[in-house]
Amino acid sequence: MGRALESAQYGKPAVGRWTLIAQDIATGFMSTSRLIVTLVGCITLLGAAAVASNDAARARFADHVPALFAGWLAPVPAAADVAGGAAAEASPASAGTMSVVVPEQKNVARYLARRYRVADEAVRVLVAAAYDAGSEHTLDPLLILAVMAVESSMNPFAESAVGAQGLMQVMTRVHAEKFEPHGGDLAALDPVANIKVGSAILKDLIRRGGSVERGLQLYVGAGNLPDDGGYGSRVLGERARIEMAASGKDDLALLAGLRSDQSRGEVQPVSLAPDPRAPAVGPTSKAAPAAPKA
C-alpha cells in the first residue's frame with residue numbers, strides 16, 4: 071500500500087511536466103498561425119493596392135474574374151469623381167451604369183483622350199456611356215461620340231453663348247422635361263445624363279429627317295437653312311476616324327484628324343518629318359488661334 075502511494079506521488083510531477091509541454095506547443099502553434107495569417111493579409115492588401123493603382127494590372131485582373139467582380143472594376147461608377155462632380159454622383163443615370171469596357175472601347179477612349187487632351191480614365195467613362203446610350207436608343211455609338219467630339223471637344227462642362235450645355239450641347243431650356251428623370255436642369259452637366267438625353271434627341275431627329283445627314287442638320291439647328299455649314303461632314307468625318315481607332319489604328323486616326331484640323335485652319339501646319347536643320351520652336355512661339363466652332 072505504501073509503495074502504491076509513493077508511485078502515485080512520483081507520477082504527478084511527470085504528468086504536470088507533460089501538460090506544460092503540451093500547452094507550450096499549442097501556444098506556439100497558435101502564435102505561429104496568427105503570424106502567418108497576418109503576413110498573408112498584409113501581402114494581400116499590398117497586392118490589392120498595387121492592382122488598384124495600376125491601370126494595366128487592373129484591366130488584366132478584370133479580364134480574369136467573374137463578371138460580377140469585373141463590373142466593380144469598371145470605370146463607369148467613378149463618373150462622379152472623374153467627370154461629373156456632385157451632379158453626376160446624385161444622378162440616377164450615373165449610379166445605374168455598370169458597363170465593362172471592352173477592347174474596342176479602350177481603343178476609342180485612347181484615341182479621344184489623345185486627340186482632345188482629356189484624361190484617359192475620364193474618357194473611358196464617356197465612351198462606355200455612349201455605347202450604353204447607343205444600345206438603349208438603337209443608335210450608332212460612334213456617331214454619338216463623334217457628335218460629342220465636334221460639339222464640345224469631350225468637355226462635359228462646355229456651354230455655348232445660346233445656352234447649349236454639356237457634352238452633346240443640348241439646349242437645356244428647350245429640353246428641360248427630358249432632364250427631369252435625371253434630376254432636373256442641373257443634370258445637363260452630368261456627363262451620363264447629357265449623353266442619354268442628347269442621344270435620344272439625335273435619334274428622334276434622324277427619324278424625323280429620314281437620314282443621318284438630315285438628322286445632323288436638324289441637330290445643329292440648321293433645319294431651315296440650305297446647308298449646315300459643314301457640320302454634318304465634320305461629324306461623319308470624326309465618326310470615320312473613331313471607327314478607324316476602334317480597330318486599333320489610333321495613330322492613323324490621329325494623323326487624319328490633324329490633317330482635317332489643318333485643312334480648316336484650326337492648327338498650324340506641321341511637318342510629320344521635320345527638317346533637323348530647322349530652328350527649334352521656342353517657348354515664346356505662338357500657336358495660330360483656333361477657328362470658331364461650326
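Counting the sequence shown from 1 gives a position; our numbering is that position plus 70.
Built from N, CA and C at the ideal position, the CB exists for glycine as well.
Given this structure, state the Cα-to-Cα distance separating residue i from residue j, to the nearest angstrom.
i: Val240; j: Tyr289; result: 9 Å
i: Val193; j: Ile95; result: 59 Å
i: Gly204; j: Gly285; result: 16 Å
i: Asp298; j: Leu237; result: 20 Å
i: Ser164; j: Gln93; result: Unreliable positioning characterises Ser164 in this predicted model, as indicated by a pLDDT of 40, which lies under 50. The coordinate reading is nonetheless provided below. If you take the alpha carbons of Ser164 and Gln93, they lie about 58 Å apart.
i: His245; j: Ser330; result: 32 Å
i: Ala316; j: Val172; result: 11 Å
i: Asn294; j: Asp210; result: 25 Å
i: Ala292; j: His207; result: 23 Å
i: Asp255; j: Asp274; result: 20 Å
i: Gly318; j: Pro251; result: 37 Å
i: Val296; j: Gly307; result: One detail in the question is off: residue 296 reads as Pro in this sequence, not Val. For Pro296 and Gly307, the distance between alpha carbons rounds to 20 Å.
i: Gln332; j: Thr242; result: 32 Å
i: Ser303; j: Leu325; result: 18 Å
i: Ala202; j: Gly253; result: Note on residue identity: the sequence assigns Asp, not Ala, to residue 202. Using only the alpha carbons, I get a separation of about 19 Å.
i: Lys176; j: Glu247; result: 33 Å
i: Ser230; j: Leu328; result: 24 Å
i: Asn225; j: Leu272; result: 19 Å
i: Val188; j: Glu221; result: 15 Å
i: Leu90; j: Thr97; result: 10 Å
Which residue wins for smallest C-alpha separation from residue i, given the options the options?
i: Arg309; options: Leu182, Thr97, Ile276; result: Leu182
i: Leu196; options: Glu206, His207, Ala219; result: Ala219
i: Asp320; options: Glu191, Glu174, Asp298, Leu272; result: Glu174
i: Ala228; options: Val172, Ile276, Ser303, Pro261; result: Pro261
i: Ser223; options: Arg185, Ser330, Lys176, Asn294; result: Arg185
i: Leu213; options: Gly254, Glu313, Gly318, Val188; result: Glu313
When you compare the CB positions of residue i and residue j, do they come within less than 8 Å of one another, or not?
i: Ala270; j: Ala263; result: no
i: Arg311; j: Ala323; result: yes
i: Gln287; j: Gly279; result: yes
i: Val217; j: Val305; result: yes
i: Ala200; j: Ile276; result: no
i: Leu215; j: Gln235; result: no
i: Val267; j: Phe249; result: yes
i: Asp190; j: Ala179; result: yes
Using DSSP with H/G/I as helix, E/B as strand and the rest coil, what is residue i?
i: Gln287; result: helix
i: Glu229; result: strand
i: Ala53; result: It is not possible to answer for residue 53, since the shown part of the chain is limited to 71 through 364.
i: Gln239; result: coil
i: Ala189; result: coil
Quiz item: For the stretch 174-219, which segments carrying the alpha helix (DSSP H) assignment without a break, of at least 4 residues, lie completely within its bounds, in sequence order?
Solution: Fully enclosed alpha helix (DSSP H) runs of 4 or longer: 190-207.
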